[in-house]
Amino acid sequence: MRRFAVVLFVTVAVIACSRHSPPVGRWAGNYESNEVMVDARLEILPNGRVRVSAPDMFDIGSVSEDDRAAMHVRLASDLAEGWDQVSPRPMDFDGRVFRKPGGVAPQIEWNPNTHEMRLVFYFGTMRSIHIPMHAVNDFRSDPWAN
4 MRRFAVVLFV
14 TVAVIACSRH
24 SPPVGRWAGN
34 YESNEVMVDA
44 RLEILPNGRV
54 RVSAPDMFDI
64 GSVSEDDRAA
74 MHVRLASDLA
84 EGWDQVSPRP
94 MDFDGRVFRK
104 PGGVAPQIEW
114 NPNTHEMRLV
124 FYFGTMRSIH
134 IPMHAVNDFR
144 SDPWAN
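So in the working numbering, the last spot in the sequence shown is 149, and the numbers never skip.
What follows is the structure in structure tokens.
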């Protein structure tokens with residue numbers, strides 16, 4: 004009985020300390036308000052490294068629909084043109100939250116039950132925004148299209 008208890012304890016400890024495997028795949032998302040516009044891509048590689056790019060525009064204000072559409076095109080173009088230069092970087096992953104190695108602030112949030120991914124976007128001293136990301140097979144040239 005004692006031996007069983009020791010084996011059970013060791014098994015539970017190993018499972019509890021085991022490294023969580025991050026979800027592998029690609030996600031895309033965007034966010035828009037009068038203050039900020041963000042277009043984001045995220046790729047998590049099988050080795051756990053993360054590629055992320057999120058070009059943005061600030062102080063959008065009240066602009067015409069034509070100007071807003073032009074901003075969408077500019078962000079999408081910047082994202083597509085710069086994606087090849089985005090290097091994969093290591094992240095700490097606890098099963099739900101990605102952080103920079105040794106960091107505290109969440110960078111990406113993952114819900115393994117609902118498979119929802121959110122990119123945490125920090126800009127200056129303003130509050131952070133959590134950008135909902137959706138899984139994609141390939142990145143589109145116009146992520147703003149419905």
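Yeah, the Cβ is synthetic: ideal placement off N, Cα and C, and Gly gets one too. Predicted model only: the values in this text are computed from it and were never measured.
Between the region 80 to 94 and the region 36 to 48, are three or more C-beta pairs nearer than 8 Å?
-> yes
Write down the C-beta distance between A57 and V41 rounded to the nearest angstrom, noting that I regard them as a contact closer than 8 Å.
-> Between A57 and V41, the beta carbon gap of about 5 Å places them in contact (Cβ cut-off 8 Å).
Buried or exposed for H75, please, with buried defined as at least 16 other CB atoms from any protein chain shown within 10 angstroms of its CB.
-> Label assigned to H75: buried.
Give me the Cα-Cα distance between R99 and N114, rounded to the nearest whole angstrom.
-> Computed Cα separation, rounded: 6 Å.
What span of residues does the alpha helix (DSSP H) with M74 cover, start to end?
-> 68 to 85
Assign P25 to buried or exposed, taking buried as 16 or more other Cβ atoms, counted over all protein chains shown, within 10 Å of its Cβ.
-> buried
Measure the alpha-carbon distance for G51 versus M60 and round it to whole angstroms.
-> 29 Å
Decide if the region 135 to 146 is in contact with the region 110 to 124; the criterion is three or more beta carbon pairs, one per stretch, under 8 Å apart.
-> Yes: the two stretches touch, three or more of their Cβ pairs being nearer than 8 Å.
With a CB to CB cut of under 6 Å and the five nearest residues on each side skipped, what residues in its chain are close to A16?
-> Here the model assigns A16 a pLDDT of 43, short of 50, so the residue's position is not dependable and the matter cannot be decided.
Extent of the continuous beta strand (DSSP E) run through D42 | 39 to 47
When we look at the beta-carbon of M129 and count the other beta-carbons within 10 Å, is it buried (16 or more) or exposed?
-> exposed
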